[in-house]
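Asks: Mind looking over this structure? Questions follow.
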Amino acid sequence: MMKEGNFGIREAVYLTILVLITKIFYTSIRVVVKTTGTASWYSTLISCVTSIVLFLLLYTLMKRFPGKDLVQIFDKVTGKIIGKILSLVFVLYFIYYAGSSLREFVEMIKAYNLPYTPPSLILAAFITVIVSLAYVGLEGISRFAVVSFYPIMVGILAILLLAVPYYNFNAIFPIGGYGISKTLSVGLLRSSAYTEVVILAFIINSIHGVKIFKKTGLISLGIAGIIISATILCSLMAFDYPQGGENVSDLFQLARIIYFNRFFQRIESIFLFIWIMASLVTVGATFYISLSIFCKAFNVEQHRPLILPFSFLTFMVALEPKSLTEVTQRNIAFVRTYSIFILYLIPIFVLLLAFILGKKGAETKHAKG
Amino acid sequence: MRKKKTLFQNLLSYITYKEKEPIKEFYIPEINEKESSQDQGNIPDHTNKGHERNRGIIKPVPVAEMRKEKTAGQNQASDNTVSTNIQQNMDYINQKFNAPDNKDIIIRQFTIAKRYKAFIAYLDGMVDRVTINHFILAALMENDDKFTNGDESCQLEFILLNVLQTNQAKKLDTPRDVIYEILSGNTVLYVDGCDYYLVNETKGYDKRGVETPQVEGVVLGSQEAFNETLRTNITLIRKYIKNSNLTTEFIRVGIENQQLCAVLSINGLTNPAIVDEVKRRIKSIKSDAILGDGMLEQFIEDNPFSLVPTMLTTERPDRTASHLLEGKVAILVEGAPFCKIVPISLVSLIHSPEDAFMRWPYGTLLRFVRVFAIAISTLLPGLYVALTKFHQEMVPTDLLIAIAKAKENVPFPTVVEVILMELSFELIREAGIRIPGIIGNTLGIIGALILGQAAVQANIVSPVLIIVVAVTGLGNFAIPNYSLALSVRLARFFFIFLGALLGFYGITIGLALIWVSLFNIKSFGVPYFSPVAPKTSRSADLFIRYPVWNQEYRPDYVNALRKKRQTKISRKWTQQNPENNYDREESDDEGR
């Protein structure tokens, strides 16, 4: 078994929140605003609540097998072969997630800041950090998350607060958006935007068991939901829903319109800094999780030799789409709309199977929880 | 005629060829280490237990000793046994110190009470002659009347108890330790017939006095610094900690130079695991020479390849004392005016001893200034390059115009300008340290003049850049730890490069890389970023310095045996009534 080290609940919460909210820097807000209009800010809360419900189901599964992570549970419930296949699905998903996020990041930074820099250089620099994060392991990633958490939160708060003069409260009306049914259906499906919390199920032994798992998951989902909803609300008020649905990154636009006087204006440098940091945490964590799942599934003790091949795979996924449009249309739309079926429904299916087959974890290990 | 001939010969010598006499030049021959060590294996005197290395030289065995070797084998003076024969012991010491080639070793023979043959041995210059003359030699040679028993057996015990007037004297029966005592400046006394020596404390070599700190100056606070004498340094610390549990353990390091190294900790407060680990690492060093704390640090630090130091270096006894009282371990090396403190975290390097001596608002302000200084001196030139090269739109327009105007006549790209100026600045700093004292101060002014005024006038660099470099330099000087300041200087060039290559993005990537590397290092088992990451319990002495009466706990990461340093209410007087007290009433203000 690979040794991943331990960390506390605070680190776990910071890490999960960052992985969950990084999407607000990207095109995510635009998509929600476009599909649900003025109802988008509470549509995401519906997603959040759905995700919490699904997470609790996942918690039921984890509680049934105390002291075991999701990979071991797959093996135990579905047998070694199917279990490994299920784990591989997660490995592939997280690599795909890391690669897509990376590409989205590169496209945006090219559009906004470094138009003349070759994308391969930007990618290489980013992957260097990802590789070194994966090299130091989960403890290093969690500490990185802690240190970058505060600047990122302060940065988001600063952007949202400094843009107050541009908010038009009436822009959130009509509050119903495109109708309840549309809001609900999108809200339920978009709970995929909160699926990253599943990573906790794979590192459950590093965060001291199921109780902390539940607590961490719920706190992270709650706070992430509030942050994402607040950002969408602010974007709606600042840009109205027609324009909000057109911006590539609403948060970036918010940072851009800030103008107090000639010397205090356009604070996108803050945005740039926190955006890169958040992306590093997210891609680094998901990249590491895919490595970790692979190692756990196939009993590889050392994850370090696998870093280079996995980084190559991520690089490939990142370079595969032709343009930003393709990235957002295909990858991101897929990841943030349908990942629910992979990340939540597979474990729930396994839970049902465990109920039917009557499989349960050993009671003796309960103490660990 | 003769003179003429000489002149002719002289003239002839100008036009004729004369072969030069070949000059023989010196070279260092290679000595096969294997052969020499095999040769040495034959000589029993050189086989010791690792304290001395075979030096590849075969020492001649004196004829007298060869004879004795054949006759009395049981009394042979060796590294492990003291002979009962005075001549053999003198020969042993002479041989160990390569006398008579080596003129430093002094063996003074004399007779005690006209009966007992004796000698003292010491190293010239290392000892205090007054002590030897008045309290060893005079005491031994003038007190004949004390030796009344007429006993012919060993008299050293009697001498130790009744005759010697030195403050420290102890018996030693291991010749290897005797040699070490002589090397340390002590005087050994031997009396014929005994199988041990007496060692007298007579250290008296020249040393520097206790002076003011050169590297860690403070405004409010003690003005004493360590010097090169280990004993003085320990005394300076003891002045601050009058606690019988303050324990000093000595370890010899360096096979050839056998430097004395002291490990200080407070018994019952410091976690013994830290002390054991420090001792384990120091004892395990197998190297010829450890010349100071800086070398020792490189041998025992956790991460030799990290950018930042993982041990705190201080020249201040008060700072050492405060860390010892927090449950840390101090390491001192003879000959080095600095102390190493372990384990530490990054924040300890940002603290200054002054912080604790000042009221908390001032201490906190200074800490923030220092954090700001680190940020400035690491990032400012890199940010300047990134801003002017990639992100002009982020600069307010008026400022941008000012920068552009200043740069208009400069022919170089910004990054070349920055590197040029930074290198020049590094040159001034390095030259400022190496240059002889008197002109050292002047150099700063000359350097500033040349680099600043002249470079701007010649349109080599823009004036804005001069401001950037100057502020960066100032920031660097505000960092309280010299090693950290050096690592910041290194990191600065890294950020200039990244800023020029990838702008803000590159700088953020660089920051992330440095952070990741910092998260991965430990100082004697303590993660470098604690107590921030990993998060341990709240600290009252991190960035915001709480009032001293509010700092109830020692740093969590050292796992001290007593975590609490004071009670919750340490200012008991706040709960008591003053002796002269009164309840203020409204009538008190009447008539005012």
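Residue numbers (this note's numbering), protein chains in the order written: chain V, 1 to 369; chain Y, 1001 to 1592. For glycine and all other residues, C-beta sits at the position ideal for the given N, C-alpha and C.
1) Quick one, are the C-beta atoms of Y344(V) and L157(V) less than 8 Å apart?
2) Cβ atoms of S1352(Y) and L1366(Y): under 8 Å apart, would you say?
3) Measuring CA to CA, which of N1200(Y), V1395(Y), S1244(Y), A1485(Y) is closest to A1121(Y)?
4) With DSSP as the reference, please indicate the residues paired to K1170(Y) in a beta bridge.
5) Give a yes or no on whether the minimum CB-CB distance between I1179(Y) and chain V is below 8 Å.
6) Considering only the alpha carbon of each residue, which of L233(V), S142(V), A193(V) lies closest to L160(V)?
7) Where does Y96(V) fall in DSSP's three states?
8) Taking one C-beta from the stretch 1244–1259 of chain Y and one from the stretch 1279–1289 of chain Y each time, how about it: are there three or more such pairs within less than 8 Å?
9) Chain V beta carbons: is any one of them nearer than 8 Å to that of P1396(Y)?
10) In the stretch 1199–1278 of chain Y, which residue ranges form an unbroken alpha helix (DSSP H) of at least 4 residues, counting only runs that do not cross its ends?
11) Kindly indicate which three-state DSSP category K1572(Y) falls into: helix, strand or coil?
12) According to the neighbour-count rule (16 or more other Cβ atoms, all chains shown, within 10 Å of its Cβ), is D75(V) buried or exposed?
13) Taking the alpha-carbon of F1477(Y) as reference, which of N1089(Y), V1548(Y), A1375(Y) has the nearest alpha-carbon?
14) Any Cβ of chain V within less than 8 Å of the Cβ of A1356(Y)?
15) Just verifying my parser: in three-state terms, what is the DSSP assignment at A174(V)?
16) Please compile the residues from chain V whose C-beta is within a distance smaller than 7 Å of the C-beta of V1532(Y).
17) Using 10 angstroms around the beta-carbon of W275(V), count the other beta-carbons present and answer buried if the total reaches 16, otherwise exposed.
18) Just to confirm the assignment, what range does the beta strand (DSSP E) spanning L1123(Y) have?
19) Report buried or exposed for I356(V), applying the criterion of at least 16 other Cβ atoms within 10 angstroms of its Cβ.
20) Looking at C-alpha atoms only, which residue of I1433(Y), N1243(Y), S1570(Y), L1189(Y) is the closest neighbour of E1157(Y)?
21) Among K1114(Y), M1090(Y), P1381(Y), which residue has its Cα nearest to the Cα of I1106(Y)?
22) Closer than 7 Å, Cβ to Cβ, to anything on chain V: give me those residues from the stretch 1497–1530 of chain Y, in chain order.
23) Within the 8 Å Cβ cut-off, does K1405(Y) reach chain V?
24) Tell me whether I5(V) is buried or exposed, calling it buried when 16 or more other Cβ atoms sit within 10 Å of its Cβ.
25) Does any C-beta atom of chain Y lie closer than 8 Å to the C-beta of F126(V)?
26) Once you ignore the five residues that flank A1598(Y) on each side, which residues in its own chain have a CB closer than 7 Å to its CB?
27) Assuming A1386(Y) contacts I1507(Y) under a Cβ cut-off of 8 Å, what Cβ separation, rounded to an integer in Å, is found between them?
28) Would you decide whether V1329(Y) is buried or exposed? Buried here means 16 or more other CB atoms lie within 10 Å of its CB.
29) Let me know if F1008(Y) comes out buried or exposed under the rule of 16 or more other beta-carbons within 10 Å of its beta-carbon.
30) Counting only Cβ-Cβ distances shorter than 8 Å, please list the residues of the stretch 281–307 of chain V near chain Y, keeping chain order.
31) Tell me the rounded alpha-carbon separation between H1391(Y) and G1503(Y).
32) Taking 6 Å as the limit between beta carbons, can you name the residues of its chain near I1112(Y), skipping five residues before and five after?
33) At which residues does the alpha helix (DSSP H) containing C1194(Y) begin and terminate?
34) From I152(V) to K23(V), what distance separates their C-alpha atoms?
35) Across which residues does DSSP place V958(Y) in a beta bridge pair?
36) Hey, T69(V) and F173(V): beta-carbon distance below 8 Å or not?
Replies: Working from what's here:
1) Residue mapping note: residue 344(V) aligns to position 344 of the first sequence, counting from 1. Residue mapping note: residue 157(V) aligns to position 157 of the first sequence, counting from 1. No, they are not a contact pair.
2) Along the second sequence, one-based indexing puts residue 1366(Y) at 366. Along the second sequence, one-based indexing puts residue 1352(Y) at 352. Yes. Within cutoff.
3) Indexing the second sequence from 1 puts residue 1121(Y) at position 121. Closest option to A1121(Y), Cα to Cα, is N1200(Y).
4) As a working note, residue 1170(Y) is residue 170 in the second sequence. Bridge partners of K1170(Y): V1199(Y).
5) For the purposes of this step, residue 1179(Y) is identified with residue 179 of the second sequence, where counting begins at 1. No - not a single Cβ of chain V is within 8 Å of the one on I1179(Y).
6) Numbered from 1 along the first sequence, position 160 holds the residue referred to as residue 160(V). Checking every option, the nearest Cα to that of L160(V) belongs to L233(V).
7) Residue mapping note: residue 96(V) aligns to position 96 of the first sequence, counting from 1. Three-state DSSP puts Y96(V) in a helix.
8) yes
9) Position 396 of the second sequence holds residue 1396(Y). Closer than 8 Å to some Cβ of chain V, the Cβ of P1396(Y) qualifies, so yes.
10) 1230–1240
11) Here residue 1572(Y) is taken as the residue at index 572 of the second sequence, counted from 1. Three-state DSSP puts K1572(Y) in a helix.
12) Taking the first sequence and counting its residues from 1, one reaches residue 75(V) at position 75. The residue is buried, with at least 16 neighbouring Cβ atoms inside 10 Å.
13) Counted from its first residue, the second sequence places residue 1477(Y) at position 477. Nearest C-alpha to F1477(Y): A1375(Y).
14) Counted from its first residue, the second sequence places residue 1356(Y) at position 356. Answer no: the Cβ-Cβ gap between A1356(Y) and chain V never drops below 8 Å.
15) Residue numbering aside, residue 174(V) sits at position 174 when the first sequence is read from its first letter. Checking the displayed sequence, the identity of residue 174(V) turns out to be Pro instead of Ala. The answer is coil: DSSP assigns P174(V) none of H, G, I, E or B.
16) On the second sequence, residue 1532(Y) is found 532 positions in, with the first residue counted as 1. Neighbours of V1532(Y) on chain V, chain order: V146, V147.
17) Locating residue 275(V) in the first sequence gives position 275, counting from the first residue. Its Cβ being crowded by 16 or more others within 10 Å, W275(V) is buried.
18) Counting from one through the second sequence, the residue named residue 1123(Y) turns up at place 123. Element bounds for L1123(Y): 1116–1123.
19) Within the first sequence, numbered from 1, the residue matching residue 356(V) stands at position 356. So I356(V) ends up on the exposed side.
20) The sequence position of residue 1157(Y) within the second sequence is 157, counting from 1. The shortest C-alpha separation from E1157(Y) is found at L1189(Y).
21) Counted from its first residue, the second sequence places residue 1106(Y) at position 106. Cα-wise, what sits closest to I1106(Y) is M1090(Y).
22) L1502, G1503, F1504, Y1505, G1506, T1508, I1509, A1512, L1513, W1515, V1516, F1519, N1520, F1529
23) Numbered from its first residue, the second sequence carries residue 1405(Y) at position 405. No, no contact with chain V.
24) Start at 1 with the first residue of the first sequence, and residue 5(V) comes out as number 5. Contrary to the premise, residue 5(V) reads as Gly rather than Ile in this sequence. By the neighbour-count rule (16 or more Cβ atoms within 10 Å), G5(V) is not buried but exposed.
25) The residue labelled residue 126(V) in the question sits at position 126 within the first sequence. Chain Y contact via Cβ: present.
26) Missing from the structure shown is residue 1598(Y); chain Y here goes from 1001 to 1592 and no further.
27) The residue labelled residue 1386(Y) in the question sits at position 386 within the second sequence. The residue labelled residue 1507(Y) in the question sits at position 507 within the second sequence. Right, their Cβ atoms sit about 6 Å apart.
28) Along the second sequence, one-based indexing puts residue 1329(Y) at 329. Buried: at least 16 other Cβ atoms inside 10 Å.
29) For the purposes of this step, residue 1008(Y) is taken as the residue at position 8 of the second sequence. The residue is exposed, with fewer than 16 neighbouring Cβ atoms inside 10 Å.
30) none
31) As a working mapping, residue 1391(Y) is identified with position 391 in the second sequence. As a working mapping, residue 1503(Y) is identified with position 503 in the second sequence. Each residue's Cα considered, the two are about 7 Å apart.
32) For the purposes of this step, residue 1112(Y) is taken as residue 112 along the second sequence, with counting starting at 1. Excluding residues within five positions, the ones whose Cβ falls inside 6 Å are A1118, L1140.
33) Residue mapping note: residue 1194(Y) aligns to position 194 of the second sequence, counting from 1. No alpha helix (DSSP H) holds C1194(Y); DSSP gives it neither H nor E.
34) Reading the first sequence from its first residue, position 152 is the one you call residue 152(V). Reading the first sequence from its first residue, position 23 is the one you call residue 23(V). Taking the straight line from one Cα to the other gives about 13 Å.
35) This structure cannot settle anything about residue 958(Y), because the visible part of chain Y is limited to 1001 through 1592.
36) Along the first sequence, one-based indexing puts residue 69(V) at 69. Along the first sequence, one-based indexing puts residue 173(V) at 173. Note that residue 69(V) is Asp in the sequence shown, not Thr. No. Outside cutoff.
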